[in-house]
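All residue numbers for the sequence shown refer to our numbering, where the first residue is 36 and numbers rise by one. The C-beta atom is built at its ideal place from N, Cα and C for all residues, glycine as well.
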Amino acid sequence: MNLPDLNQARMRTDKKVEFIDAKNIKSDKFENKKYFIRTYGCQMNVHDSEEIKGILENLGFKETENLVETDLVVLNTCAIRENAHDKVFGFLGRLKHLKKENPDLIICIGGCMPQESSVANILKEKYPFVNIVFGTHNINDLGSMILKESKKQQIEVYSIEGNVYEHMDYIRDSKITAWVNIMYGCDKFCTYCIVPFTRGKQRSRKMEEIIKEVEDLKKEGYIEVTLLGQNVNAYGKDLEYGYDFATLLENVAKTGIQRIRFVTSHPWDFTDEMIDIIAKNDNIMPYIHLPLQSGSSKILKLMGRRYTKDEYITLYNKIKEKVPGVSITTDIIVGFPNETEEDFEETLEVVNKCKFDGAFTFIYSPREGTPASKIKDSISLEVKEKRLHKLNELINSYSLEHNKEYVDKIEEVLILGASEKGENKVYGYTKTMKLVNVSNAQHDIGKLIPVHITDAKSFSLDGEKVIFVKN
Ligand code: SAH
Ligand code: SF4
Ligand code: F3S
């Protein structure tokens, strides 16, 4: 057993990353058996779950959404905030009961939570009924761990990041839009954030492998790819070839895939060249998620974000100016230790200046082992909740304002599936990542279609498929 020590993990190895062909283990041992998977956290985890599904289906398992009939459960966990933990431990309570009824049930826990040494220890001591505990660096070993399963708890979690695996068998959730990892880990060490510990140092994939994956997805009929990384625009900084994100974007655009997106960009790594390439290529979508985190330069410094409030606004305006019609969303944390009312007012001021299309907002959650968790905090939860509420109201008002600008326009929408709104509606996204519920388009799933926008709400648009009539 190799449990991570966060302080050690912070130093991390200088070991050269190797690019390894994933040996996709195949077996019929679990033919006719079923698996249930639940994914918490970010897109990275969503895509990791597609890898986990590939591993399980190679062993013969088939997916079920019914917990009662399942033979194996995987919880792919997140550690970003404390409430992410609570959800997983809550779910484990349910699984304990299930295991009493079905003692052969195999329970696996993976993802970011077991990367924290305290969690791995809790699982060992308090949850002995969990069969397999794995981390973010050894997903590729899950197949062999399941094959060796013998009722004895197996914990294999590595604090030191591993190599970059290529040619994994994914079972993708969609046949229309696909995630493509361009890098793993993060080197930014924002002082509040657990990710550099749970995901390890930045490891970029080779550009030729990424391009090949996009070309293959295009051949399979995929319309859209989203390039994935915690800090995509730092792509290549760890490679010897001198490639950067701008070059990668340009080459992905050349594959001719119809829509390219990318998440997440760090303001510090955004270059003018990247902005030009986004502006110049029609198949790179005019949508950028650009986390602000705080509008106070003082707090940004304490967060280790490497930019000031003014630098953020300058970058924001430059992108708006150069990329026509771009939509920009953000992430904001309120209640960082000792955030004063003035600091918070500065965040509101930046929101008023930038008028974001949308934002994910969070109350700061101290994460064990991170530098910020050692700062003594004097601000009450009540104050933090009030700030979050005020911020959300402002953000939502701007979202609605932006969405209203779309009414009566015709937008290209990629239709992804049946809408939750019922009435035979389908849903999809504009180039700028606006969710649209569309009528008259039940037969257009997987297609890019023109949609006349008829109504706007804070979080979505309504529209009708435009039908061109020949004279
Ligand atoms: N790599 C991305 C996103 C990382 S996690 C980036 O840098 O933008 C997604 C978001 O969770 C972050 O942008 C941040 O707003 C939030 N977050 C991260 N750690 C947090 C913490 N300890 N408490 C509250 N929110 C946090
Ligand atoms: Fe966390 Fe900062 Fe890395 Fe994003 S850039 S994953 S917030 S350390
Ligand atoms: Fe959560 Fe890990 Fe993503 S901590 S946000 S699942 S990188």
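Per the Cβ contact rule, the segment 339–350 is not in contact with the segment 288–300 (fewer than 3 Cβ pairs under 8 Å).
A buried status is given to L263, since no fewer than 16 other beta-carbon atoms sit within 10 Å of its beta-carbon. Relative to the ligand F3S, the beta carbon of V260 is positioned no closer than 7 Å to any heavy atom. The residues D378, E381, in chain order, have a CB closer than 6 Å to that of S331 in the same chain once the five nearest residues on each side in sequence are set aside.
If the five residues before and after G370 are omitted, its C-beta is found closer than 7 Å to the C-beta atoms of I398, Y399, I414, K419, R422, all from its own chain and listed in chain order.
Distance from the CA of V448 to the CA of T489, rounded to the nearest whole angstrom, comes to 14 Å. In this structure, the CA atom of E85 is about 15 Å from the CA atom of I211. Classified as exposed, N118 has fewer than 16 neighbouring CB atoms from the shown chains inside 10 Å of its CB. In this structure the segment 94–103 lies against the segment 59–66, because at least three pairs of beta carbons, one per stretch, are closer than 8 Å. Bridge pairing for E98: Y70 [DSSP]. For Y278, the CB contacts under 7 Å within the same chain, skipping 5 residues up- and downstream, are M242, G271 in chain order. Rounded to the nearest whole angstrom, the C-alpha separation of S493 and K409 is 38 Å. For S415, the Cβ stays outside the 7 Å cut-off from all heavy atoms of the ligand SAH. Per DSSP, L325 lies in no beta strand (DSSP E) and is assigned neither H nor E.
Taken through DSSP and simplified to helix, strand or coil, D139 comes out as coil. The Cβ atoms of N266 and K223 sit closer than 8 Å to each other. Comparing C-alpha distances from E455 to each of G128, E201, V123, V471 shows the shortest one belongs to V471. A straight-line Cα-Cα distance of about 21 Å links F126 and I174. When secondary structure is reduced to three states using DSSP, K500 falls in the strand class.
The closest heavy atom of the ligand F3S lies 7 Å or more from the beta carbon of G145.
For I90, the CB contacts under 7 Å within the same chain, skipping 5 residues up- and downstream, are L177, G178 in chain order. Using a 10 angstroms sphere on the CB of G146, the tally of other CB atoms reaches 16 or more, which defines it as buried. For T233, the CB falls within less than 7 Å of some heavy atom of the ligand F3S. The alpha-carbon separation between M180 and E191 amounts to approximately 9 Å. In the structure shown, the three-state DSSP call for T467 is coil.
Relative to the ligand SF4, the nearest heavy atom lies less than 7 Å away from the CB of N266. Minimum Cα-Cα distance from S474 among the listed residues K460, E201, I258 corresponds to K460.
If you check the CB distance, L451 and A491 do not come in under 8 Å. At a cut-off of 7 Å, the beta-carbon of V230 counts as near the ligand F3S: some heavy atom of the ligand is closer than that. Our two residues, Y342 and H132, have alpha carbons roughly 49 Å apart in a direct line. If only uninterrupted alpha helix (DSSP H) runs of at least 4 residues are considered, those enclosed by the segment 147–223 are 152–161, 177–182. As computed with DSSP, Y441 is found in no beta bridge at all. The alpha-carbon separation between F305 and K336 amounts to approximately 18 Å. Spatial neighbours of K333 in its own chain (CB-CB distance under 7 Å, excluding positions within 5 residues in sequence) are listed in chain order as D378. For F224, the Cβ falls inside the 7 Å cut-off from some heavy atom of the ligand SF4. Going by DSSP, L337 is part of the alpha helix (DSSP H) stretching over 332–338.
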